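Protein sequence lines correspond, in order, to chains A, B, C, D and E.
Under the numbering used here, the letters of the first sequence match residues 28 to 478, in that order.
Under the numbering used here, the letters of the second sequence match residues 61 to 163, in that order.
Under the numbering used here, the letters of the third sequence match residues 35 to 520, in that order.
Under the numbering used here, the letters of the fourth sequence match residues -7 to 112, in that order.
Under the numbering used here, the letters of the fifth sequence match residues 1232 to 1530, in that order.
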Amino acid sequence: MGRDLALLGPELLLAGAAMLMIVAEMARAARLVLAIGLTALALSTALTLPMLDAETSVFGGTYRIDAIAGWAKLILLPGTALALLMARAEIAGRDREGSVYALIVLVTLGALMLSGAGDMMVLVIGVVLTGLGSFALVAYPRDDAATEAGMKYLVFGSVTGSVMIYGLTFWFGGAGSTLFSELGQLRGQTLVLIAGLIAVIAGLGYKAALVPFHFWAPDAYDGAPVSVAAYLSVITKAAAFFAFAQVLRDLPREAGWPVALALISAATMTYGYLAALVQTNLVRLIAYSSVAQSGYLLMGVVALGVSPIAVPAILIFAAAYVAMNLGAFAVIMVAGRSLADLEGIGRSRPWFGVAMVVFLLSLTGIPPLFGFVGKVYLFMAAVEAGFLWLAVIGILNSVLALGVYLRMVVPMYRTAEAGAPDPAGLPLATVIAATAGATLGLGVLAGMFLP
Amino acid sequence: MIPELMIALSVGAALFGVGLYGALSQTNLVMILMGVELVLASALVNTVAFWRYLHPDVTAAKMYVLIVMAVMALEMAVGFGIAVARFRARGSVEMEEARELKG
Amino acid sequence: MPLLTIATFLPILAGLALMVLPDRSARIAHRVSIGATGAVFLITLAIWARGISPDGFAQVEEIAWIRAIGAAYRLGLDGLSLPLVLLTSVLFLLSAIYSARIGERAASYVVLMLMLETAALGTFMALDGLLFYVFFEVSLVGMYFMIAGWGYEDRQRAALMFFLYTLLGSLPLLLAIIGLYLGSGTFDMRAWIDAPPLTGIAAMLALIAMLFTFAVKIPAFPVHTWLPAAHVQAPTAGSVILAGVMLKFGTYGLVRFAYLMTPEAFARAGQVILAFGVVSALYGAFAALAQTDLKKMIAYTSVNHMGYVVMGVAVAALASDPRTRTIGLDGATLQMVSHGLVTGALFFLVGMLQDRAHSRGMADFGGLLGRVPWLGWAFVLSAFASLGLPGLAHFPAEFQIFLATLNGMPWGIVAILAIVVTAALYLRAIAAVFLGEANPKWADMPDLDRREKLVVVPLLILTVLVGIAPGWLIDMIHTTMTRIGG
Amino acid sequence: MSELAQYAILFGLTVGVLGLVLSLHALARVIGQSRAEPAKDVPAAAGSLSRDPVWVRYHAKYYGYALLFLAFDMEMAFMYPWAVVYREEGLVALLDMGVFLAILFLGLLYGWSQGALRRQ
Amino acid sequence: MSIVLVLLALAIGCYLVAVFEGWAVHGRFSLMRPAISALALLGREQILPRTPDRLFFETGPILLLVAGLLSVAVIPLAPGLIITDLAIGALFLNAALAYVLVALIMAGWGPNGAYAMVGGWRFLGQFIAYAMLIVMPITAVAMRAESLSTTQIVLSQAALWNVVYQPIGFVLFVIAALGVAWLPPIDLPTGGGDLAGGVEAEYTGARLAVWRLARLVIVVALSGATVTFYFGGWLGPWLPGWAWTALKTVAVAAAMLTLGRHLPRLREERYLAVSWKLGISLALANIFLVGVIALLVPI
């Protein structure tokens, strides 16, 4: 018991902090809420560091403390801290400001549970915790667009979530256990395996915005506050992929599910970029592009169990994705929601312009940026797993990606009418500096930290 | 195969089908949530059936049932919360009328 | 001392330092630029002085990087890369001096230039597949922003085209690198060269991927169409770097990767590659003949000259006789250097002309030789070098290539027709621009000033030097090529 | 008595109720008569006829509570099993549920502070 | 056998409660009154309101009666004298009582009358107010008994009745019970004052008789539950167990019927506010206190 609690340190700390944040919010002390949140995230990250090499689990195997969970925390917690800062920049002084921060921390708690899930129950709790919090976050402004976004997000989320819960019962029936580590028992029970897998793909694929479960993403991001969209597009999505990694790595690779996932992956990246090509709303553009990025992440999932670098690939690309997508959203917060708002920003705000270029090139996959390193890992994993064609499609899609992202870069350096831009404020500048630094530096350094 | 199990699973599947059809075909948010409840109920039926007939000594199944029940309630609570917010913003919870965001 | 690393990263560090300087005026920026490139030039001289080794790579510097997948930071040199490294440092120094006049957003310009130099040096010296790819792509980004930011009228479109083309082109290389990695379990290029990891169909697929990449970069017919657009729109220094340094990525990669890492497949595909080389050489020459825009014309002659390089490498792969192979590779490598020097000079001169007249059309000029003798004679000398006049830089290179072709694969000699065409087009250009009736519009055109002379003269000296006494260069190249070819 | 038999009894009870009600109706039919007269069947509405059906949206002003209730009621599902084994588990159970109840209570307080417990 | 006995006891109990209610409401104590009223009701006209939702209208009273009877089923009169001694008796009681709400909503919706409708919705608000106060005190009771079986719960009070052991829970439970049975002062769903009978407004004849009967059963059931949970059920000296239960039940019912008569009526939103803000806090505190006491004093 004591050991379990010690290993759960980061989660417990975060949960406690969320409660404290709620208390502070009752006193309408939004700055205090923010301070508690940031402190807890930092402490929680620090607590994670000694546990990175752990390979164990708590509560009878239901919650894993392993490399995936450890690195996931290292990715998700700082990412959340940055998202909090972005939220601060956007909604400072608004009504129920502190509630947003508390919800964000709670959703992150759910994300941690997803990435440590070793059991169906933890998976369900994780999905629901991230889901419910996210619905509320999206609908936070309570205006027409936000409630519409929240409603669509909710409908998709609850339907796919319930389908997942239903499908998981078959795995329980087939394997006789709710533990994922027992999924090997499903060998030979093809129908049961497929039934559960479809459900998991629906439930987690929705979180990860995979085609065909992606419809909510552009609407939800567009209707929500930009900072919330940024948060949802990275944290819950990355967590969904960590959950994929936890669930599928023990699943027998039979009945051709890797092929099915590979097809979804190819469809997702192609569709995402194609749809992004025609957007003029920046948030929607990034939303579709992040759909496409999910397709890339799925390449790592496809290779699970065969390629030893599949898990590192998912982790690295997820980290890169968190950094660059958050950064891109932060610049959008500075610039505005329309593609036309980017006009000349490279000239009027040179530093943000450079940062945006870095993010977009990284999203495209240009070396030596972080996104490139992640993609190389993903390609290697896919090729090693025998999915050369998928890697080729991924590489071909990089060209579409280039089109998508250059559509944003090109206007940035067009000369626009001069006008002194508003100051961006410290929180946003911090976020952009941190994410740009990570995107630039970690690509080279990532390799050194990895086991 | 145990016939009772098959019956229970069929009931579950029927509930699932009805629920999913409802959730996908209805346009009113509240009705969609009803469909979702049915789907979750089918999960309960399935779990209990598997527990009772295949793995009677696995207590995790009971816990799963409890968790799913909690999920049902919480999903409804948040769902209705959003429905209320939507109603106040727009005066309707029809999905068909949600066309502000597109592209 | 890790001179290779210092040389590689000194420019980008200088660039970063410039970015954080409080005073980023044009004067300071250009001083930093000239200082950094000058220092790099001196360091490369020191590297040259250290010499290379006849068996494999010399001066290797290695640090563990991504241990999990066997990627490391590895730099090293041999007789193929050292001449290109020297060429790079010279051209960047001269470009920095030439660009010292640019006032528009000078700091950003300088940072891009310095970044490009790092990328170029890194590409030539990298001994790690992943590292190579990283530098290879970084150069792309730098060049894109240089064209898009400081180019001429239609720069956005040209930059985009350049970027799309070369990125699309370079992605297959990534696949090939991954394939090589999965075949060997390491990213060490030395291992790949010593024991080619792929065989059979896998090797052929990898080769096709690499050939595609390098063909775009070289550029070879039919994937050359980005080049004229990019050259015409790029700023002068950009053109010089593009033609003088970045095109060499393609030929360098052709030898370093395609030829050395998938030798069997390369030999099997040799005829096809040779055909592409011949067609490129001919096409480049004829297309250049059809141009009236000076810059475009020079750009097309690049296609022609790089076609010779492809021919040289292909012949080396096809020939059975080690001597022929060595000659082919020697010629190809020397051609890369010569082309860098000569075409660099030509682009500088056209740029200078354009600065004065704001025009590049041949028909707009006439009789300039008397008006601006320095510029005129420099152009004439460079043009003669470019058309392969004996005693000038291209002659020994092309001579060796044709010699090898004649020995190894005689049908390829049809490409010699291109030399005639090139001669014709250069003579036409000289006649149109510098001879004939003087156009009164340019009556008060100033001749080259001190800075411009400083840029052009070293190149001309080197051109002549390589032409009449190429020994110092060929020896260096030969050291390695005998090993590779033999 | 087996579980099934017990539930059979409860089912029987339900059926019995149905029988009782039917017999009461039958009795009423026997001892009383209904006469159809106009306007007798108007629902009570202080004498005036309501224009529309009354099945319209009714503003449930207590929906704030209702949402909280949904969550709270389900949480109690966790408390029954806990309550039954409480004395066996002892202090650990108290601490477990103490945390649970504290969070539950915190939720209530939060809802209160945000105006959920209010006639909307 | 025991079933018949319990049902008989229930019938007597209902009659007594009816007598008592007549006394409390009209101030006249008459043993015959309820029987005459019932006969009169059966003899009266049965009017079906125009355009009703017939199914809901007819089912409402029946469901109410079923709910009441099912809750009675788990209340022990004496050891062995119980309809079904379920292992989850207390939980079952809870579940059965939940149908009271359904029945009232159906009855309110069915007749397509404004007053009935408003009454039904009011009861929904009332339900939200009392539901947690039923559940939470029962949890505390089950903690002490280590079982949800009502028999076990009674046995656990051998040393000390729960009314002393957990008085807060008792008070809350009684308040909640008043709400379930819409007894004064929480009787607005059928508010005689402003809704002309509310949910009951459209029921006549046999339907009203069933309705009234169901209501009586529910009152008895709740009194019985209170006795089982808090007054030690059949435990007591001298008299036989069943007698104790009967006596206590009638006493509790009488108290519940009289108590509220003298208080001002409570609007459902006041009831909501009080039970959520004060009631649930107290209920949680009750659970916690019982937990602590159960650990300190093992009785």
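Beta carbons are placed, not taken as given, at the ideal position from N, Cα and C, and that holds for glycine.
Please read all numbers here as calculations on a predicted model, not as lab measurements.
Outcome for residue i when other beta-carbon atoms lying within 10 angstroms are tallied against a minimum of 16
i, result
"Gly234(C)", "exposed"
"Ser354(C)", "exposed"
"Arg49(D)", "exposed"
"Pro430(C)", "buried"
"Phe1260(E)", "exposed"
"Gln273(A)", "buried"
"Asp246(A)", "buried"
"Ser152(B)", "exposed"
"Trp411(C)", "exposed"
"Lys100(A)", "buried"
"Tyr293(C)", "buried"
Contact set between residue i and chain E, taken where Cβ atoms lie within less than 8 Å
i, result
"Phe61(D)", "Ile1359, Ala1362 and Met1363"
"Pro35(D)", "Pro1280, Arg1281, Pro1342, Asn1343, Gly1344, Ala1345, Tyr1346, Ala1347, Ala1432 and Glu1433"
Beta-carbon neighbours of residue i, restricted to chain A and to distances below 9 Å
i, result
"Gln25(D)", "Per Cβ cutoff of 9 Å: no residues; Gln25(D) is ~54 Å from chain A at best."
"Gly82(B)", "What Gly82(B) touches in chain A: nothing, since even the nearest Cβ is about 10 Å away."
Neighbour list for residue i in chain C, Cβ cutoff strictly below 8 Å
i, result
"Tyr426(A)", "Note on residue identity: the sequence assigns Val, not Tyr, to residue 426(A). Residues of chain C passing the Cβ test: Leu198, Leu201, Leu202 and Leu205."
"Ile422(A)", "Leu205, Pro206, Leu208 and Leu209"
Where residue i meets chain A, residues with beta-carbon distance less than 8 Å
i, result
"Ala525(C)", "Residue coverage of chain C in this structure runs from 35 to 520, which leaves residue 525(C) outside it and unanswerable."
"Met155(B)", "Met178, Lys179 and Val182"
Partners in chain A for residue i, counting only beta-carbon separations shorter than 7 Å
i, result
"Tyr54(D)", "Those do not exist, as Tyr54(D) stays about 20 Å from chain A at its closest Cβ, beyond 7 Å."
"Glu171(C)", "Ile393 and Pro394"
Proximal chain D residues relative to residue i, where beta-carbon distance stays under 8 Å
i, result
"Met2(B)", "Not covered by the structure: residue 2(B). The range shown for chain B is 61 to 163."
"Thr1282(E)", "Pro45"
Within chain D, the residues that residue i reaches when beta carbons sit closer than 9 Å
i, result
"Arg123(A)", "Gln106"
"Gly151(B)", "None at all; the shortest Cβ gap to chain D is about 11 Å."
7 Å Cβ cut-off: residues of chain D touching residue i
i, result
"Met136(B)", "Leu62"
"Ala133(B)", "Leu62, Ala63, Asp65 and Met66"
"Ile49(A)", "Leu98 and Tyr102"
"Met46(A)", "Ile95 and Leu98"
"Arg1188(E)", "Residue 1188(E) cannot be examined here, being either before or after the span of chain E that is shown, 1232 to 1530."
The region 13 to 31 of chain D in contact with the region 1315 to 1324 of chain E per 3-pair CB rule at 8 Å
These segments do not touch.
Measuring CB atoms only, is the region 1471 to 1484 of chain E touching the region 1437 to 1457 of chain E, in the sense that at least three cross pairs come out at less than 8 Å?
Judged by Cβ distances under 8 Å, the region 1471 to 1484 of chain E makes contact with the region 1437 to 1457 of chain E, as three or more pairs qualify.
Where in the region 307 to 375 of chain C do unbroken runs of the beta strand (DSSP E), each at least 3 residues long, occur, reported from the N-terminal end onward?
Counting only runs of 3 or more, we get nothing.
Please list the residues of the region 145 to 171 of chain A that have a C-beta atom closer than 7 Å to any C-beta atom in chain B, keeping them in chain order.
Look at the region 145 to 171 of chain A: the residues with a C-beta under 7 Å from a C-beta of chain B are Met147, Met148, Val151, Ile152, Val155, Leu159, Phe162, Ala163, Ala166, Arg169, Asp170 and Asp171.
Identify each residue in the region 61 to 77 of chain B for which the Cβ-Cβ distance to at least one residue of chain D is less than 8 Å, and report them in chain order.
Of all residues in the region 61 to 77 of chain B, none has a Cβ within less than 8 Å of some Cβ in chain D.
Would you call the region 105 to 123 of chain A and the region 259 to 266 of chain A touching, i.e. three or more CB-CB distances under 8 Å?
Proximity of the region 105 to 123 of chain A to the region 259 to 266 of chain A meets the contact definition, three or more beta-carbon pairs being nearer than 8 Å.
Please determine if the region 103 to 123 of chain C and the region 163 to 178 of chain C are in contact, where contact requires at least 3 C-beta pairs separated by less than 8 Å.
With a cut-off of 8 Å, the region 163 to 178 of chain C and the region 103 to 123 of chain C count as touching, because enough Cβ pairs lie within range.
Any C-beta of chain C within less than 7 Å: which residues of the region 406 to 420 of chain A qualify?
For the region 406 to 420 of chain A, which is checked against every Cβ of chain C, the residues closer than 7 Å are Phe406, Met407, Val410, Glu411, Ala418 and Val419.
Secondary structure, alpha helix (DSSP H): runs of 4+ residues fully inside the region 4 to 88 of chain D:
The qualifying runs are 55 to 76 and 78 to 81.
Measuring CB atoms only, is the region 163 to 173 of chain A touching the region 69 to 86 of chain B, in the sense that at least three cross pairs come out at less than 8 Å?
Contact between the region 163 to 173 of chain A and the region 69 to 86 of chain B is absent: fewer than three C-beta pairs spanning the two stretches fall below 8 Å.
According to a CB-to-CB cut-off of less than 7 Å, which residues of the region -4 to 10 of chain D neighbour chain E?
Cβ contacts with chain E come from Gln(-2), Ile1, Leu2, Leu5, Thr6, Val9 and Leu10.
What residues from the region 225 to 237 of chain A come within 7 Å of chain B, judged by C-beta to C-beta, listed N to C?
Taking 7 Å as the Cβ-Cβ cut-off against chain B, none of the residues of the region 225 to 237 of chain A qualify.
Please name the residues in the region 335 to 346 of chain A whose beta-carbon is closer than 8 Å to at least one beta-carbon of chain C, in chain order.
Answer set for the region 335 to 346 of chain A: Ile336 and Pro339.
Check whether the region 134 to 144 of chain B and the region 64 to 72 of chain C are in contact - that is, three or more C-beta pairs closer than 8 Å.
With a cut-off of 8 Å on Cβ pairs, the region 134 to 144 of chain B is not in contact with the region 64 to 72 of chain C, counting fewer than three such pairs.
Within 7 Å of chain A by C-beta, residues of the region 109 to 128 of chain B in sequence order
Hits within the stretch, in order: Phe110, Leu114, His115, Val118, Ala120, Ala121, Met123, Tyr124, Ile127 and Val128.
Specify whether the region 306 to 325 of chain C and the region 141 to 161 of chain C touch according to this definition: at least 3 beta carbon pairs, one from each stretch, less than 8 Å apart.
Output reads no: the region 141 to 161 of chain C does not touch the region 306 to 325 of chain C.
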